[in-house]
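A quick write-up on the structure given underneath.
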Amino acid sequence: MIEADNFYALIIWKSFASLPNIKVRLLDFHFFLSIKMSSYFTEFTVDCLLKKLYIINLSNPRRVDKKNIRTMLSFFIKNQSDFIDFDFDPIINSSYNLISGIRIHRSKLLIL
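Numbers in this note's numbering are just positions in the sequence shown, counted from 1, shifted up by 213.
Next comes the structure, spelled out in structure tokens:
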């Protein structure tokens, strides 16, 4: 079960329904539950997201799961303009040139 810092989440259905698959939707929903509106960024590392969102599967190595999370995070970064209430800032591991996490800022709350 996902632990939430807030007990509410407002989802912009149009952007949520347009996400490509269920894993990206789960990650988007996790961001909605975990991030309050503020002037500060909330940081999520790949390892933290792996612990919260994935059940250990012995047939699937952890590196494959980490690759999946990095792919999903890069999707959010590339399509940043589609998410009107979030600002995304990637955390890059410079020695490996990989995404090691993401900083997310919820700047506005829109009710349509």
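Glycine included, C-beta positions come from ideal geometry on N, C-alpha and C.
Comparing C-alpha distances from Leu-266 to each of Asn-306, Arg-238, Asp-300 and Asp-298 shows the shortest one belongs to Arg-238.
By the Cβ-count criterion, Asp-241 is buried, with 16 or more other Cβ atoms from all chains shown falling within 10 Å of its own Cβ.
Distance between Asn-310 and Leu-262, taken at the CA atoms: about 19 Å. Between Phe-257 and Ile-317 a beta carbon distance of about 7 Å is seen, short of the 8 Å cut, so the two are scored as contacting.
In this structure, Pro-303 sits near Ile-290, with a CB-CB distance shorter than 7 Å. Residue range 299-306 is occupied by the beta strand (DSSP E) that includes Asp-302, with no alpha helix (DSSP H) assigned at that position.
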